[in-house]
Amino acid sequence: MRLRSLEGRLAVLLALAALMGALVYIGVTSWPLPQTLKWLHDAHMDVPGPTPAGGIIICAIVLLPLCWWLGHVVMEPVKRLLRALESAVASYRDGDFSISIALNRRDELGDLIRVHNELGQTLREQRQNLAQRELLLDTVVQNTPVALVLTDGNGRVAYANIAARHLFNEGRSLNGLHFGTLIEDAPEALRKATEGTEDALFSVEMDGSEETFHLSQRAFRLQGRPHRLQLFRRMTRELSRQEVAAWKRVIRVVSHELNNSLAPISSLAHSGAELARRGDVQRLPGVFATIGERARHLHGFIDGYARFAKLPTPRPVAIEWRPFLDGLALHCRFQLSGDIPPQPGWFDPVQIEQVLINLIKNAHESGSVPEGVTLALHPVGHELRIEVADRGPGMSEAVLAQALLPFYSTKRSGTGLGLALAREISEAHGGRIALANREDGGLRVTLALPLTAASA
207 MRLRSLEGRL
217 AVLLALAALM
227 GALVYIGVTS
237 WPLPQTLKWL
247 HDAHMDVPGP
257 TPAGGIIICA
267 IVLLPLCWWL
277 GHVVMEPVKR
287 LLRALESAVA
297 SYRDGDFSIS
307 IALNRRDELG
317 DLIRVHNELG
327 QTLREQRQNL
337 AQRELLLDTV
347 VQNTPVALVL
357 TDGNGRVAYA
367 NIAARHLFNE
377 GRSLNGLHFG
387 TLIEDAPEAL
397 RKATEGTEDA
407 LFSVEMDGSE
417 ETFHLSQRAF
427 RLQGRPHRLQ
437 LFRRMTRELS
447 RQEVAAWKRV
457 IRVVSHELNN
467 SLAPISSLAH
477 SGAELARRGD
487 VQRLPGVFAT
497 IGERARHLHG
507 FIDGYARFAK
517 LPTPRPVAIE
527 WRPFLDGLAL
537 HCRFQLSGDI
547 PPQPGWFDPV
557 QIEQVLINLI
567 KNAHESGSVP
577 EGVTLALHPV
587 GHELRIEVAD
597 RGPGMSEAVL
607 AQALLPFYST
617 KRSGTGLGLA
627 LAREISEAHG
637 GRIALANRED
647 GGLRVTLALP
657 LTAASA
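Numbering (the numbering used here), first residue to last: 207 to 662.
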């Protein structure tokens with residue numbers, strides 16, 4: 207037991223109180239009170255001696271003020287400490303963590319004060335870090351070019367950044383306003399996009415020019431209440447940049463292919479003219495055949511771009527799988543993996559057949575063994591996943607990131623239209639396309655299409 211602990215101090219005080227009581231009792235019964243009374247009696251002063259009950263009363267009269275003073279001396283520091291702790295807890299409740307308590311004790315209460323001060327320091331640091339993070343986040347959000355609008359369950363704006371204020375309210379604050387009422391006079395395309403729950407890409411007329419926006423929407427619960435976050439991103443510059451890049455790619459590809467075809471044609475035409483001048487007509491059919499072959503190749507190349515540009519709107523119908531797969535097998539070779547779904551498909555048979563022919567052809571050209579090219583049909587929820595897989599080398603990360611872009615190709619003589627056409631057709635059906643390398647080697651191309659007209 208430590209002497210400076212509360213238990214040690216209490217034991218010392220009790221011992222001191224017992225000692226004081228004993229001393230008072232001795233003073234009343236033995237010395238000096240009996241000697242004083244005897245001296246008074248010898249001086250002919252008739253002072254009666256104390257009875258036992260009187261001795262107890264005298265001891266009580268002497269000890270009670272002493273005990274009160276001792277208790278005050280002992281408990282006053284504890285009372286001050288409790289008041290300080292009460293004030294500190296009240297300050298914490300109000301969000302003020304700047305209060306510390308002076309440490310001048312070495313007992314259990316001193317340990318409590320030290321732990322309290324450490325807690326306050328930790329809370330202050332966390333509060334400061336949180337405030338800095340909030341300031342940093344608010345600065346980033348406020349200065350981002352993306353218009354951000356956060357609405358509560360009633361549709362009222364809980365938060366909006368500077369871009370949103372300029373976009374919807376001429377720079378004035380949006381907090382507390384009803385967002386639906388705010389955009390009543392907005393263009394119809396914007397209103398329809400915000401009425402839905404899906405991400406959308408729409409164009410509106412602004413300041414005499416057409417502006418394209420991408421709307422991203424997310425619903426979540428904040429402090430137990432439903433909220434909705436809407437991000438309006440201007441896409442005009444990005445789309446223009448991508449459009450210019452696409453035109454540059456297609457011009458490079460067309461120029462390369464034209465040079466590869468026209469240069470031999472020009473050379474062969476000159477050779478044919480020279481042979482005709484010499485009268486060597488026997489070699490002219492070969493020259494003309496080569497010219498015709500290069501012309502047909504150039505025609506097929508241009509025709510591919512024309513078909514991509516003139517891709518019609520798909521006309522989905524119910525498709526029975528067995529006749530469709532039998533017809534597909536007449537154009538390309540593949541191994542059917544898994545069972546055929548009992549439910550018929552829902553797509554444009556001509557467009558999807560062309561997509562699958564291109565994908566299976568690419569799988570064979572990847573270097574895969576013919577038996578490694580497989581076709582699988584997997585109904586998942588409300589969509590059908592058509593997977594074309596091979597055992598080739600797969601694709602690098604850089605190629606995977608650009609493989610679905612129009613006019614991008616890794617082949618020397620490729621047009622870059624195969625996967626781009628597949629993406630265009632799948633998205634026109636309300637689906638999507640995805641590429642992924644297989645763990646055991648090869649590439650898997652997944653075409654996800656709606657199973658029914660309702661899911662589409």
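Positions of the beta carbon are idealized from the N, C-alpha and C atoms, including for glycine.
Close beta carbons around residue i, own chain, < 7 Å, minus the five adjacent residues each side
i: Gly361; result: His384, Phe385, Gly386
i: Ser467; result: Arg500, His503, Leu504
i: Pro393; result: Val410, Glu411
i: Ser477; result: Val493
i: Arg330; result: Phe303, Ser304
i: Arg378; result: Arg371
i: Leu474; result: Val493, Thr496, Ile497
i: Asp532; result: none
i: Leu325; result: none
i: Ser297; result: Ile305
i: Lys285; result: none
Per DSSP, the bridge partner or partners of residue i
i: Met412; result: Ser415
i: Thr387; result: DSSP output for Thr387 lists no bridge partner at all.
i: Ser422; result: Leu437
i: Thr403; result: DSSP output for Thr403 lists no bridge partner at all.
i: Tyr365; result: Leu356
i: Leu542; result: Leu581
i: Pro432; result: Arg427
i: Ala524; result: Trp552
Cβ shell of residue i (< 8 Å), same chain only, five flanking positions each side left out
i: His570; result: Cys538, Arg539, Pro576, Val579, Asp596
i: Leu219; result: Leu276, Val280
i: Ile389; result: Phe374, Leu396, Arg397, Thr400
i: Thr403; result: Gln423, Ala425
i: Ser415; result: none
Residue i: first and last residue of the uninterrupted alpha helix (DSSP H) it sits in
i: Glu340; result: 314 to 349
i: Leu565; result: 555 to 571
i: Ile368; result: 368 to 375
i: Arg528; result: 527 to 535
Beta-carbon spacing of residue i, residue j below 8 Å
i: Ile497; j: Ile471; result: yes
i: Pro555; j: Phe530; result: yes
i: Val355; j: Ala366; result: yes
i: Leu315; j: Leu269; result: no
i: His635; j: Pro518; result: no
i: Trp552; j: Ala524; result: yes
i: Leu581; j: Leu542; result: yes
i: Ser572; j: Pro550; result: no
i: Val594; j: Leu562; result: yes
i: Gly359; j: Arg431; result: yes
i: Leu657; j: Met601; result: no
i: Leu291; j: His322; result: yes
Sequence-distant residues of its chain with Cβ nearer than 6 Å to residue i (five each side left out)
i: Arg591; result: His584, Thr652, Ala654
i: Arg333; result: Phe303
i: Gly485; result: none
i: Ile319; result: Ile307, Leu309
i: Ala425; result: Arg434
i: Ala406; result: Ala399, Leu421
i: Ser574; result: Asp596, Arg597, Gly598
i: Arg644; result: Arg650
i: Ile639; result: Ala628, Arg629, Ser632, Leu653
Integer Cβ distance of residue i from residue j, believed to fall under 8 Å
i: Leu428; j: Ala399; result: Not a contact, Cβ separation roughly 23 Å.
i: Arg447; j: Phe419; result: Wrong, their Cβ atoms sit about 16 Å apart, outside the cutoff.
i: Gln560; j: Pro520; result: In fact, because the Cβ distance is near 11 Å, the residues do not count as touching under 8 Å.
i: Gly544; j: Glu589; result: So it is not a contact: roughly 16 Å between Cβ atoms.
i: Ala223; j: Cys273; result: 7 Å
i: Ala628; j: Leu565; result: 6 Å
i: Ile368; j: Asn349; result: 7 Å
N- and C-terminal bounds of the beta strand (DSSP E) containing residue i
i: Val594; result: 589 to 595
i: Leu380; result: Segment: none, Leu380 is in no beta strand (DSSP E) and carries neither H nor E.
i: Arg638; result: 638 to 643
i: Val586; result: 580 to 586
i: Thr652; result: 649 to 656
Below-8 Å beta-carbon distance, residue i vs any chain D residue
i: Pro656; result: The chain labelled as chain D is not found in the depicted structure, where only one protein chain is given.
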